[in-house]
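Our numbering numbers the first residue of the sequence shown as 18 and each following residue consecutively. All residues carry an ideal CB built from backbone N, CA and C; glycine is no exception. Okay, so here's the structure we're looking at.
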Amino acid sequence: MRIEIDETAGQSDELALLGLLQLVSPALPIGAFAFSQGLESAFELGWVSDEASLGEWLNGVLEDGLTRCELPVLARLMTAWAVGDGESIVWWDTWLAANRETAELAAEDSRLGASLTRLLDSLGLLPPGPSRVSPELPAGAGYVTVFAWTAHVRGVSRRQALPGFAWAWLENQLAVACKALPLGHTAAQRLVERLRPALLAAVEEALVLDDDDLGPVLPGLALASGLHETQYSRLFRS
18 MRIEIDETAG QSDELALLGL LQLVSPALPI GAFAFSQGLE SAFELGWVSD EASLGEWLNG
78 VLEDGLTRCE LPVLARLMTA WAVGDGESIV WWDTWLAANR ETAELAAEDS RLGASLTRLL
138 DSLGLLPPGP SRVSPELPAG AGYVTVFAWT AHVRGVSRRQ ALPGFAWAWL ENQLAVACKA
198 LPLGHTAAQR LVERLRPALL AAVEEALVLD DDDLGPVLPG LALASGLHET QYSRLFRS
């Protein structure tokens, strides 16, 4: 007896996974490599100087930043895109912009959002607009908002998109450290091994936070980012 197996669902999941890998790839041409999110200033100030202190810095930003800000808002934005809730999309995009505490952090978010929007336009992947089945992107949409749309249109689930976003952040931060610190690639991989479980724990926590629990608590990062604006010599734009 011949058994017919419908592989359509599996292929759809695999296409979504490939779409996520494309979205979080360092090769994505949106210029993420140009930004350090204040980490370069932390190097200059001596707050981060080796593998151990870098691990502590990254773990702190993950716990008090991404877990309470980008990750839970990404989940809310993906839900809003899925149900066509344009009002919520604008609200959360505005909320994220208000939580960028320095000019450089705000510029990073808006420039990456604009770059990703231009890329999506060239690929024919922008939202079709409110006259059809989806709201439009908010004017000047930030990176997280555009990321959420891209993950949604690619059929990526929230459970995949949030770890993917966190992974892209970690990879970028380690790339910054390898360029600006005497940190070898093997040391960077040790930090990956150390922080991979923390990324998943951050996702789990982010998915259960209430709206009133959201908001980054990163005074050190904000101070480092502010000082970076006048740093004499720098490799990165933030």
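What do you get for residue i, buried or exposed, if any count of 16 or more other CB atoms within 10 angstroms of its CB means buried?
| i | result |
| --- | --- |
| Arg211 | exposed |
| Glu87 | buried |
| Gly27 | For Gly27, the predicted structure reports a pLDDT of 49, less than 50, and the residue's modelled location is therefore unreliable. The matter cannot be settled from this model. |
| Pro152 | buried |
| Arg93 | buried |
| Gly157 | exposed |
| Leu216 | buried |
| Leu200 | buried |
| Arg19 | Confidence is the limiting factor: at Arg19 the pLDDT is only 40, short of 50, which leaves the residue's position unreliable, though a coordinate-based value still follows. So Arg19 ends up on the exposed side. |
| Val221 | It is Glu, not Val, that sits at residue 221 in the sequence shown. Exposed: under 16 other Cβ atoms inside 10 Å. |
| Pro176 | Reading the sequence as shown, one finds Arg at residue 176 and not Pro. Looking at its Cβ environment, which holds fewer than 16 other Cβ atoms inside 10 Å, Arg176 is exposed. |
Just the C-alpha distance for residue i and residue j, rounded to the nearest angstrom, thanks.
| i | j | result |
| --- | --- | --- |
| Ser42 | Gly232 | 27 Å |
| Gly243 | Gly181 | 28 Å |
| Ala114 | Arg213 | 28 Å |
| Arg171 | Leu40 | 10 Å |
| Leu143 | Thr96 | 17 Å |
| Leu208 | Leu140 | 35 Å |
| Ala223 | Leu62 | 31 Å |
| Glu125 | Ser255 | 7 Å |
| His202 | Asp81 | 26 Å |
| Phe52 | Phe253 | 5 Å |
| Ala131 | Gly159 | 7 Å |
| Arg251 | Ser29 | 44 Å |
With distances taken from CA atoms, which of the options is nearest residue i?
| i | options | result |
| --- | --- | --- |
| Thr134 | Gly55, Pro155 and Glu221 | Pro155 |
| Ala204 | Leu216, Glu246 and Leu191 | Leu191 |
| Trp257 | Ala131, Leu91 and Arg128 | Nothing in the structure corresponds to residue 257, since the chain is present only between 18 and 255. |
| Ser66 | Gly103, Leu198, Ala183 and Ser29 | Leu198 |
| Trp186 | Ala59, Leu37, Leu79 and Leu34 | Leu79 |
| Pro145 | Phe52, Pro46 and Gly101 | Gly101 |
| Thr247 | Glu121, Ser132, Thr167 and Trp64 | Glu121 |
| Leu129 | Asp228, Leu35, Pro236 and Ala49 | Ala49 |
Need the endpoints of the alpha helix (DSSP H) that residue i sits in, please.
| i | result |
| --- | --- |
| Glu57 | Leu56 to Glu61 |
| Tyr249 | Where Tyr249 is concerned, there is no enclosing alpha helix (DSSP H), given that its DSSP letter is neither H nor E. |
| Pro180 | Arg175 to Ala197 |
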